[in-house]
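Novice:
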Amino acid sequence: MVQTSLYDYANKKKASSSSNGTRTTRGGNGTSLPSAVGKSSSSRDKSSKRKKNLESDDDEEFEYREEEEEEDGMDEEEEYDEDEEERPKKTKKGSASKKKRSKKSVSDDDHDDNEYEMNGGVITSKYSSVDKKSKNKNDERFEFLVNRMDAQKRLPSDPDFDKSTLFISSTDFAKLSSFEKQYWEIKKNHMDKVVMFKKGKFYELYEEDADVGKKEFDWKMTERVNMRMVGIPEQSFKTYAAKLINLGYTVVRVEQVETANEQKERKKQKKGTKGTSTDCVKREICEITTLSTITDLDYFPDSTSKYLLCIKEDMMNHRYGVTFVDVSMDIFYLGYLEDDNHRTQISTLIYSINPSEIILERQQFSPSTKKIISNQKTVVIEKRVSTDIVPKDYNSYPTAEAARYFVEQHADSLVKDPIIEKFWDNDLVISSFGACVYYLKYLYKDDVLSSNTAKFFSYDGKVDKDHLILDGQTLLNLDVKISSTKGTREGSLLSFLDHTKTAMGKRLLENWLTRPSRNADVINDRYNAIEDIQDSFPDPDGVREKLAGIKDLERMCSFLYRESRKVKKEVFFDNRASKKKIKTYLETLDNLRKGLDIIQSLQDSIENFKSNILQHSLDLTAIDEIDAALAEFENEFDRELALTGEIKPNAGYGKEYEEMQAQIESIHKEVDTFLADVKKKYDPKSKLDSKSGSKDWFIVIPRTVTDLPEEFVRQPRKLKEFFKYKHSLLTTSLEKVKVLEDKMGDIQRNIFRTILGRFSEFDQYWKRVVQCLAELDCILSLHSVSIGGGFCRPVILQTDKPVLKVMQMKHPTVKTAADTDFIPNDIILGGDDACSIVVTGPNMGGKSTILRSACIAVIMAQIGCFVPAESCELTLVDRIFTRIGANDRIMAGESTFMVELNETSNIIRHATPSSLVILDELGRGTSTHDGYALARSILEYVADVVGCLCLFSTHYFELTEEMRYHPNIDFYKMTCEVQKDENGRILDVIFTYHFKKGVCEKSYGIQVAKKAGVPIEIIDRASIVAEDFEQGMRANKPISYDQINDAQRDIYESLRATSEELASGGAESLTPELFQQFVQNLKEKQIEVRKAYSNYSNLM
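Below, the structure written as structure tokens:
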């Protein structure tokens, strides 16, 4: 996946505009840029020009009103609908929108709610085509946009051009209005991101960002020469931000961090700021979100983990330092990999965790690493290395020295963490960790580093004695997580096994599946758990139904922990944002209670279970303490009030809050007294217009009253029988109330943050509940799979010789995908039989399915699940290697044959006697003789030297003749029925899909071609050519017994004589001493075979 670039999109848009006849200006770098991007005619240029006084902070009159009015809530002309999309709608047409507006001086932060119209949930200006008189400076584009340069004054043609930055000269910057200065101070450092800029009740997107809104959502655009714009209401932000992020964009959220009253107070204290960016209401970046750093619960498209992976590579020695993190759950993994030439370990890591983003040091990674990453649908970010101990910004890749300094200065508590301490002196790992930390700080998400909820783990891609290793190629070839045919989870082994009901359970099951156990006790314990659920578990379906009602507690808790760490104030005009946070807190408490209730309801059944994992997931040693802690949080506030969006502790908000509340009550009494005096003195029909959140309070007096004093200032807006009046007492009272309400709001937010902080201190309790629920969910999921018809409990054998014996095995995902019943087969490897099997059969006859079935049986058995077979016996497997197909690498520029050799080389070097190797049609990528020679040599090496379990499918039928006497190799075939005419000519081949001992005579490729619809004349000609070729092959066998050298013949004859003597019954008449001599003789011959293969040339 290529990261969506606004710079690249803008260039495409400019090229399109130029080709459509838009007048262009030749830039300094030789590129053609439109003089008014987004315009289609000169008349539009005139209609969209704006009026602005350069010496003031005024902005376009048609678009903005004073900032205080943005806090006015929805007046009688407009209010928000409480529907799902939370879109504004007109509920009453006001006369003011139909009449000419009065001219007045306005600030850059002004909005007029009446000047926006709806466009699919997006508010845009209705005045985008109104003809306005403009000054000459606005007839042309900003110079810094026409002649684009990055912060280092590099042109786009420069190879080192940084498309994330923009250079604005001091001269150009001085010409901007206050608001424009504020905007471009932020945007110039984030040109490759979508900046959603808070403006009153709206988030607005300008210039290239506005183009994105138009492109992706067809938002109506306010067309202008400069600062073209689209906007969305505050409450729609999360909906569209989530869509942008999942489309691959990086979203920058810029918030107001002070209220209008706070702005006024600041302006009173600071003089001479007019015309500067500080003249506007304060705005700051509060968050930058990418696909791998999602933390808001509304942004997640599914329950899978979203990893950020940072890689530091030592190209000369094939070594890596890696750090990957799931920010949504505060989980960090650090690891050191000593890899091979084929980058097996880093490939396995990437395929296993499927990172959403990968960060690399620019020009410091090998072509092999680049090829692996290029096969993934992921965003790749290359960052320049920074040697600065104290960086100017954190958009770089630090050295190990800089990373250590940062950790010591900003998160010294991490140095004491055992995992950080373990890798502290490893420059590669610490540098990768530093890149991760820098990136989180750059995205304003580094607060986790100073929290007590961050969890660190060590990752080792090679030495893993407790787990079955599935490398990246094996995960793909076996469709473990993703179906190779559909490209989705549907049809994969994971989709077949996943009957979990919770998000936590889904993630844990995926972890079990990609890292199956090699511990016999753990595996047998999971088998016991399945049987316990079947025999002794009370109402498993009912428990699963209850689990389905539990939300993603793991992420919800982490979200609340992050909220407790927020210190920056964010101003929202719609209280639904704060309500949503309170709602999340209440839901978290409710879901913890539901989970705890499930665990408590099963306490009486624990003693009936023989499974340790089932007992562990239900036996909470601190269950009473957890229950008491949860009850304390549940009962410390008024729940009914909390449902309305206000968390009020039972003890109240404190003395200071109550004093402010008393002051507000006193002000309201004073206003009530004033109203009573007006009614008594002028007219009893007089009333107060003081809606909550309104900009001003008015006194409304009948029109019949005309003798009012001067302090009553009549307003232009006329009512049917009344006039509205301003009064100094009302204005002063409202200002006092707003200041007090702002302070009270701060107190409420601080108290809520304090509650969340205390909640995070019990992280170990909540984490234990989550772990128990996830384990219980996974075991119930395996039970749901295993109780289906045709499943058996595997038997784990403890023998020296590897064994895999599966009777009547069915491939589970093929069974679910096919229209007809899957034909079961026996797979017997090792033990008293040969460890290696050569599989022959017709094309499309099911050979690859048999190979995959053997692997699937091992994986399912070692995650602790029953297997779809009548019986299953196996010794534990340490690694599964698969050499099937090459499509995934052909697109990376490698030939089929090179892919085969690379992957086979990796298998030969890393396979052990405990491994399972699958080789599908090895040698097909080169000439017949070369392919045959390699296939035979590799098969012999695996069978004689490695001694592991191996399934080797081939169309080299000569191989079956030459190897038929090999003691470690058996031959199986996929059966079929051949229909012939009177002359013996093959008419059709019917696949029966039975796996039997023996050798298939032919591949029947010509008959398959006929089924595929190849023209009959080609089929006839191919039949003749094939017959001639076979006759020639029979006359000239490529390899025979008399072609081997003397040393090889002696070894072969000795082994055959010893084998025949034992097979003829001589073993029964031998004394134990003589029998041991025969065994010793065989061992010596085996050593001679290994010596013969010690030189690579002997393999050829």
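Numbering-wise, the sequence shown is residues 1 to 1100 according to UniProt numbering. Using N, Cα and C, we set each Cβ at its ideal position, and we do this for glycine too.
#1: Do you know how far the Cα of K220 is from the Cα of S48?
#2: Please specify which runs of the beta strand (DSSP E), each continuous and at least 3 residues long, are wholly inside the segment 625 to 699, giving them in chain order.
#3: Who are G830's beta bridge partners in DSSP?
#4: Beta-carbon separation of N843 and V1025 under 8 Å?
#5: When the Cα of K1010 is compared with those of F674, K1002, V989, K997, which residue comes out closest?
#6: Going by DSSP in three states, G788 sits in which element: helix, strand or coil?
#7: Is it buried or exposed for Q603, if we count other Cβ within 10 angstroms and need 16 for buried?
#8: Can you give the beta carbon distance from Y932 to E903, rounded, assuming they're within the 8 Å contact cut?
#9: List the residues that DSSP assigns as beta-bridge partners of Q979.
#10: Quick check on the burial criterion: 16 or more other C-beta atoms within 10 angstroms. Buried or exposed for G505?
#11: How far does the alpha helix (DSSP H) with E563 in it reach, from first residue to last?
#12: Helix, strand or coil: which one does DSSP assign to K445?
#13: Give me the Cβ distance between D279 and K306, rounded to the nearest whole Å; I'm assuming they're in contact under 8 Å.
#14: Do you know how far the Cα of S328 is from the Cα of K377?
#15: Just verifying my parser: in three-state terms, what is the DSSP assignment at L797?
#16: Return helix, strand or coil for K465, following the three-state DSSP convention.
#17: Going by DSSP in three states, K580 sits in which element: helix, strand or coil?
#18: Buried or exposed: which applies to R964, given that a residue is buried once 16 or more other Cβ atoms fall within 10 Å of its Cβ?
#19: Classify residue 1101: buried if its beta carbon has 16 or more other beta carbons within 10 angstroms, exposed otherwise.
#20: So, do the segment 772 to 789 and the segment 501 to 516 have three or more beta carbon pairs nearer to each other than 8 Å?
#21: Assuming the contact rule is C-beta atoms closer than 8 Å, L618 and C772 should be a hit. Round their C-beta distance to whole Å, please.
#22: For the pair the segment 292 to 311 and the segment 423 to 441, tell me if three or more CB-CB distances fall below 8 Å.
#23: Please determine if the segment 579 to 586 and the segment 469 to 481 are in contact, where contact requires at least 3 C-beta pairs separated by less than 8 Å.
#24: For Q256, which residues does DSSP report across the bridge?
#25: Quick one: complete beta strand (DSSP E) runs, 3+ long, within the segment 365 to 423?
#26: Based on the DSSP secondary-structure assignment, which residues constitute the bridge partners of I837?
#27: Determine the closest residue to F991 out of I859, G947, M974, with distance taken between C-alpha atoms.
#28: Give me whichever residues DSSP pairs with S517 in a beta bridge.
#29: Helix, strand or coil for F332 per DSSP?
#30: Around the Cβ of F537, are there at least 16 other Cβ atoms within 10 angstroms (buried) or fewer (exposed)?
#31: Let me know if Q256 comes out buried or exposed under the rule of 16 or more other beta-carbons within 10 Å of its beta-carbon.
#32: Check the C-beta distance from residue 1158 over to L949 and give it rounded, since I have them as a contact under 8 Å.
#33: Sort K996, S786, S836, N189 by Cα distance to I530 and report the nearest one.
#34: Report all residues from its chain with a CB closer than 7 Å to the CB of A676; omit the five preceding and five following residues, and keep chain order.
#35: Spatial neighbours of L470 within its chain, please: CB distance less than 7 Å, with the 5 preceding and 5 following residues excluded, ordered by chain position.
#36: Is the segment 224 to 239 close to the segment 260 to 269, with three or more CB pairs under 8 Å?
Specialist: This is what the structure gives:
#1: Caution is warranted here: a pLDDT of 38 is assigned to S48, below 50, making its placement in the model unreliable, and the coordinate value is therefore given only provisionally. Taking the Cα positions, S48 is about 14 Å away from K220.
#2: 687 to 689
#3: V803
#4: no
#5: The residue among F674, K1002, V989, K997 with its C-alpha nearest the C-alpha of K1010 is V989.
#6: coil
#7: Residue burial annotation: Q603 is exposed, with fewer than 16 other C-beta atoms found within 10 angstroms of its C-beta.
#8: The Cβ separation is near 19 Å, so there is no contact.
#9: D988, per the DSSP bridge assignment.
#10: buried
#11: Segment 553 to 565, the alpha helix (DSSP H) holding E563.
#12: coil
#13: Not a contact, Cβ separation roughly 40 Å.
#14: 20 Å
#15: strand
#16: coil
#17: helix
#18: exposed
#19: It is not possible to answer for residue 1101, since the shown part of the chain is limited to 1 through 1100.
#20: yes
#21: 7 Å
#22: yes
#23: no
#24: Q256 is bridged by DSSP to R283.
#25: 379 to 383
#26: DSSP lists L951, D970 as the beta-bridge partner residues of I837.
#27: M974
#28: When DSSP reads this structure, S517 sits in a beta bridge with H467.
#29: strand
#30: buried
#31: buried
#32: Only positions 1 to 1100 of the chain appear in the structure, and residue 1158 is not among them; the question remains open.
#33: S786
#34: none
#35: Taken in chain order, the residues that qualify are V480, T514, I880.
#36: no
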